[in-house]
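For the record, the sequence lines run as chains A and B. Using our numbering, read the first sequence as starting at -4 and increasing by one per residue. Using our numbering, read the second sequence as starting at -4 and increasing by one per residue. C-beta atoms are modelled at their ideal positions from N, C-alpha and C, and glycine is treated no differently. Note that the structure is a prediction, hence the values are computed from the model and not measured. Working notes, beginning with the structure itself.
Protein chains: 2
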Amino acid sequence: MKASQFFISTLKEAPADAEIVSHKLMTRAGFIKKLGAGLYNYMPMGLRTIRKVENIVRDELNKAGCVELVMPVVQPAELWQETGRFEKMGDELLRFKDRHDRDFVIQPTAEEVVTDIARQELRSYRQLPKNFYQIQTKFRDERRPRFGIMRGREFTMKDAYSFDRDVESAGKTYDGMFAAYSRIFQRLGLQFRAVAADTGAIGGDRSHEFQVIADTGEDAIVYCPTSDYAANIELAEAVSLIAQRGAASQAMEKVTTPGKSTCGDVAELLGLPLSQTVKSLVLATDETNDKGEIVESTVWLFLVRGDHELNEVKAGKVQLPDGTGLKAGFRFATEKEIVAHFGTQPGYLGPVKLAQPVKVIADRTVANMADFVCGANDAGFHLRGVNWGRDLPEPDLIADIRNVVEGDPSPDGQGVLAIQRGIEVGHVFYLGTKYSKAMNATFLDVDGKPKHFEMGCYGIGITRILGAAIEQRHDERGIVWPEAIAPFTVVICPVGYDRSEAVKAAADELHAQLLAKGVDVILDDRGERPGAMFADWELIGVPHRVVFGDKGLKEGLAEYQGRQDAEAAKVPVTEVLNHLLSRLQIAG
Amino acid sequence: MKASQFFISTLKEAPADAEIVSHKLMTRAGFIKKLGAGLYNYMPMGLRTIRKVENIVRDELNKAGCVELVMPVVQPAELWQETGRFEKMGDELLRFKDRHDRDFVIQPTAEEVVTDIARQELRSYRQLPKNFYQIQTKFRDERRPRFGIMRGREFTMKDAYSFDRDVESAGKTYDGMFAAYSRIFQRLGLQFRAVAADTGAIGGDRSHEFQVIADTGEDAIVYCPTSDYAANIELAEAVSLIAQRGAASQAMEKVTTPGKSTCGDVAELLGLPLSQTVKSLVLATDETNDKGEIVESTVWLFLVRGDHELNEVKAGKVQLPDGTGLKAGFRFATEKEIVAHFGTQPGYLGPVKLAQPVKVIADRTVANMADFVCGANDAGFHLRGVNWGRDLPEPDLIADIRNVVEGDPSPDGQGVLAIQRGIEVGHVFYLGTKYSKAMNATFLDVDGKPKHFEMGCYGIGITRILGAAIEQRHDERGIVWPEAIAPFTVVICPVGYDRSEAVKAAADELHAQLLAKGVDVILDDRGERPGAMFADWELIGVPHRVVFGDKGLKEGLAEYQGRQDAEAAKVPVTEVLNHLLSRLQIAG
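Printed below as a string of structure tokens:
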């Protein structure tokens, strides 16, 4: 293609609202153009990359036996009411009424519609397993859209939904999708990691996020460099950092700690390591009646070591031997509740001598501590030399309730954990019968009886991948696209295309030769000066560049430079094609 | 592809709400599946055809120098307010508010957004002409969605928008798009006709509809079989059917015609040809004040011959020598208005002796009539032997205000007109500066001064093409797809695939051979009985079918049948591949 037949638009400055490098570079390089908050035009340059991503995703899913369809952007509320999501989902679900005053949503996902298709179309176990996918526009009315198309409101997503006859078959489907996703991200040319993720109310261990590695990523990824272990921070298991509880060696002592309301302050004051302190966190749960009014609230005390952080996902799953627990809907306790139960204000709380009975949940590490420091439930005072059993009862529950930290032992016993940042671009998830039961979607099994489908769902954020790829691959000059998804693979930059016959001839010939080989090439015939022209293509991030100029051509030379090469290399004009083809691993 | 890896779903019965054959067949063959009123899932089979249509459209537009982008489905109201369309468009424009109570629309087209892009991005005449297009989901909240995806609410449309520096350049762009559209519909394999269409308020002669010919089409297409003339019925020019007005040969006479309120009834009663009668139609226009309240209404009398029909588009364009006219917003007069102006009720109206002064607009043919029959403005009476000049004044305006009929002379003088039915699937339209002026979209021209873009817009109803193709091409067994857009080009039907080694081997081999040649083939390995299997593929409309069975294979024979062939032909197994390739015009 020639640049004059295309549309190239680069900017020197990034827009004021661009906070992250991918948003800045995508806008400056003309990949996207803002239309409104969280709404972006996919400009011609960006659309080329989006299509390449889509085609890789489509190809691998088709090979994995998935079948493509398209479900409407606009969906009737009735189906969403069947699963309760029409009411349950927050303001992110965009709801509206049509001219006849009927309720609709703009799809953020399509579980309801695809389950409706399945319950009508998949009538027999003979038709199973079946995995439908679409690459379709999605909308989430984010309260505060940001980061360009990384967290926009309208975006393009690939969503797949599988239907199996039993758990075993669903497991095989899950594994197949996991493998397909791994191939997809390999082909995209991105460094990624598949990490185990929380399954929430579904349970089980079948949820993985595919994270593109980037220092700027929103998510913390936990992995063991010497084993296969990898999980997101919400899920990664934290073992006890103390092998077993030591014997008490100190008497419990009340110490004055005025104005020292954090573990760090107290440790410093007492000249003790932070790891000798225990942090007290007070959570609360509410019981409601049919009308949604709160009828009773319960307060819970969670203990983690002073240098650790509470993991709220893990906390939400805590269940005591008596069956009570936080379930999903907990909150932090109010100051009033804290004073009522602990007799003091936050900053000096602890598990010893509670004003009111409160269930105590200790992190595994805390449960093994001896001679520790905690609040005295008395403003301006802490206790030191505290020991379980002697100074306070054993905790009601010992559980993994903290985030892992770098250097923690890997839960598989195969090394120590490292943490890196990632951007979630894909998710595979075993749904079980959650949706098929809610919508009574059944098939006739081999015994002739109706049975609910075992389902899975599998998402890939198509447009998000562009942002993630740029966060991972950029330098001070611009984007560094992987070859597979660059908008163009090769750019030919002729210096003086409109005034030198020789330059024009050389550029046109290589352009034609590359097109004949199926290479995605662009010839920049805009007539820009060399500096501006090179800067544009480095900003845009095309992997391979060939420059023809009069001076070089007189010596029979062209210049080749890979996007990541420090310098251009002189290549005989007669060798340029072969040089490129060998770089592109295409037979000459 | 093997059928077991795909999704095939056929129905014996069409849904109750399917009124037309394309809706019935598309549903029965599993191309679409209804989700709600005017909302359809594109099922895997249908999506294959949609993608093939899209790819042909995309290929030809790229060759024509258009550049693809994608504009959001959800668009801010602000831009639509700039052109006034946010208020002016009726309930078909779906409007909604987001969580922050801001107004948005779901795009039915994208003139506003693309003009917003152009006014920011196209700054210099050097960047022109530029033609942006998208293939994107559209939504129109039709009051009464029907005909499946032919008149759905959500649909897929290709919309292109061109930006030129002057009228001459815009004309070249228009011609280029007209040519690209002609190539597109040729490649789609459809019989079509490009017809001149009304340009409404824009004026000029640059509006063409691309109509797929089908007896069941909604639109009447007028064309001259012996010349290039073609126009839609709204636009097609009707010349006078009487060369010049004859002399009066009868005296005017009032005849009693009780209960005969139509021209047909009166002609029969009087024993005269219908073409001797004149039909009186009373239209009205309203003047409104700033608040939109009607302050004055005017009544107009339109006269067409008894066997002709008023053309409302032409009527709306009528302008009298004094500058008055109907403009766009006319209506039929109320009975009260008719009585006030004519002194009688509808059915006996005429232009002779009006109770109140009314401007009279006569069709060209009517103006040349002599000794004609019309209502007497007296209930139960008509006049016969009426003559212009003698019995009533000459009309205030003589104009083309009727629909042409079969056999009318072609306005180019090259023959007579024929009429056929069509389905509009494409439209090319010169917009001029309508949008660029409303949105103040300018570029710097060669003289350094800002100038408004000359624009054009160009639509193709991607999903509508499926319906139109089926209306044109079907038989009692199902759809007859053109090869270019059939969901599969070849189907291999093995009889006993799961029990005969020979059948399986022959089918698998041909399948592999065709795939290697790049042929879009499906092997039906579902294990259906031959009758059901053949019926499915005839319903689906695959152009070429090969059948392998044990009996034939013993004699070294396979069966080939084209979708439109009356019978299957025996072909030696060794020749099947070449037989198919020669039919598909692929080198062996």
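Going by DSSP, which residues form a beta bridge with residue i?
| i | result |
| --- | --- |
| Ala113(B) | Beta-bridge pairing links Ala113(B) to no other residue. |
| His469(A) | Ile474(A) |
| Met152(A) | Gln131(A) and Gly456(A) |
| Asn306(A) | Answer is none; Asn306(A) lacks a bridge partner. |
| Glu282(B) | Glu291(B) |
| Leu276(B) | Phe297(B) |
| Arg146(A) | Arg141(A) |
| Ala189(A) | Phe205(A) |
| Ser157(B) | Asn126(B) and Gly451(B) |
| Gly320(B) | Gln314(B) |
Which chain B residues are close to residue i, counting only those with a beta carbon under 7 angstroms from its beta carbon?
| i | result |
| --- | --- |
| Lys7(A) | Neighbours of Lys7(A) on chain B: none; closest Cβ ~14 angstroms, over 7 angstroms. |
| Lys153(A) | The contacting residues do not exist; Lys153(A) stays about 14 angstroms from chain B at best. |
| Phe91(A) | Phe91 |
Could you work out which residues of chain A lie near residue i, taking near to mean beta carbons separated by less than 9 angstroms?
| i | result |
| --- | --- |
| Pro589(B) | Residue coverage of chain B in this structure runs from -4 to 583, which leaves residue 589(B) outside it and unanswerable. |
| Asp395(B) | The contacting residues do not exist; Asp395(B) stays about 36 angstroms from chain A at best. |
| Ile480(B) | Those within 9 angstroms of Ile480(B) in chain A number zero; the least Cβ separation is about 16 angstroms. |
| Ile112(B) | Lys28, Leu30, Asn36 and Met38 |
Kindly indicate the opening and closing residues of the beta strand (DSSP E) around residue i.
| i | result |
| --- | --- |
| Ala563(A) | Element bounds for Ala563(A): n/a, residue is neither H nor E. |
| Phe367(B) | Phe367 to Gly370 |
| Ser202(A) | Ser202 to Ile208 |
| Phe173(B) | Careful: Phe173(B) lies outside any beta strand (DSSP E), inside the alpha helix (DSSP H) at Val162 to Leu183. |
| Gly547(B) | Taken as a continuous stretch (DSSP letters only), Gly547(B) belongs to no beta strand (DSSP E), being part of the alpha helix (DSSP H) at Asp545 to Lys549. |
| Asn227(B) | Ala225 to Asn227 |
| Lys92(A) | Arg90 to Lys92 |
| Arg416(A) | Ala413 to Gly427 |
| Gly259(B) | From DSSP, Gly259(B) is part of no beta strand (DSSP E) but of the alpha helix (DSSP H) over Cys258 to Leu265. |
| Thr251(A) | Glu248 to Thr251 |
Can you give the Cα-Cα distance for residue i and residue j, rounded to whole angstroms?
| i | j | result |
| --- | --- | --- |
| Asp403(B) | Cys219(B) | 10 angstroms |
| Gln415(B) | Ala191(B) | 14 angstroms |
| Arg182(B) | Lys153(A) | 30 angstroms |
| Leu510(B) | Thr44(B) | 18 angstroms |
| Tyr526(B) | Ala501(B) | Rather than Tyr, the amino acid found at residue 526(B) in this sequence is Gly. If you take the alpha carbons of Gly526(B) and Ala501(B), they lie about 20 angstroms apart. |
| Leu378(B) | Lys249(B) | 4 angstroms |
| Leu518(B) | His18(A) | 46 angstroms |
| Gly491(A) | Val109(B) | 33 angstroms |
| Ala374(A) | Lys274(A) | 15 angstroms |
Grab the span of the alpha helix (DSSP H) containing residue i for me, first residue to last.
| i | result |
| --- | --- |
| Thr44(A) | Pro39 to Lys58 |
| Phe99(B) | Taken as a continuous stretch (DSSP letters only), Phe99(B) belongs to no alpha helix (DSSP H), being part of the beta strand (DSSP E) at Asp98 to Ile101. |
| Phe325(A) | Element bounds for Phe325(A): not the alpha helix (DSSP H) but the beta strand (DSSP E), Phe325 to Phe327. |
| His336(A) | Glu330 to Phe337 |
| Asp358(A) | No alpha helix (DSSP H) contains Asp358(A), which is instead part of the beta strand (DSSP E) from Lys354 to Asp358. |
| Glu504(B) | Glu496 to Ala511 |
| Val490(B) | Here Val490(B) belongs to no alpha helix (DSSP H), and DSSP marks it neither H nor E. |
Please list the partners that residue i has in chain A, where partner means a Cβ-to-Cβ separation under 8 angstroms.
| i | result |
| --- | --- |
| Gln76(B) | In chain order: nothing, as chain A lies at least about 13 angstroms away. |
| Thr104(B) | Those within 8 angstroms of Thr104(B) in chain A number zero; the least Cβ separation is about 15 angstroms. |
| Ser4(B) | Glu116 |
| Ile71(B) | First, the residue type needs correcting, since residue 71(B) is Pro and not Ile in the sequence shown. Correct list: Leu30, Gly31 and Leu34. |
Which chain A residues are close to residue i, counting only those with a beta carbon under 7 angstroms from its beta carbon?
| i | result |
| --- | --- |
| Arg138(B) | Arg94 |
For a test of your reading of the model: does the CB of residue i fall under 7 angstroms from any non-hydrogen atom of the ligand ZN? Yes or no.
| i | result |
| --- | --- |
| Phe1(A) | This structure lacks the ligand ZN, and indeed carries no ligand of any kind. |
Strictly below 8 angstroms CB to CB, what residues from chain B border residue i?
| i | result |
| --- | --- |
| Lys(-3)(A) | In chain order: nothing, as chain B lies at least about 10 angstroms away. |
Requested in this report: Closer than 7 angstroms, Cβ to Cβ, to anything on chain B: give me those residues from the segment 36 to 66 of chain A, in chain order.
Outcome: Against chain B - using a Cβ distance shorter than 7 angstroms - the residues of the segment 36 to 66 of chain A are Asn36, Tyr37, Met38, Pro39, Leu42, Gly60, Val62, Glu63, Leu64, Val65 and Met66.
Requested in this report: Below 7 angstroms between beta carbons is the criterion; list the residues of the segment 501 to 528 of chain B that meet it against any residue of chain A, in chain order.
Outcome: none
Requested in this report: Scan the segment 13 to 32 of chain A for residues whose Cβ lies nearer than 9 angstroms to a Cβ of chain B and list them as they occur along the chain.
Outcome: Gly25, Lys28, Leu30, Gly31 and Ala32
Query raised in the report: Relative to chain B, which residues along the segment 298 to 314 of chain A have a C-beta separation below 9 angstroms, given in chain order?
Result: none
Query raised in the report: Given a limit of 8 angstroms on CB to CB distance, which residues of the segment 238 to 252 of chain B reach chain A?
Result: none
Query raised in the report: Quick one, which residues of the segment 139 to 150 of chain B are near chain A if we go by CB-CB under 8 angstroms, in chain order?
Result: Arg148 and Glu149
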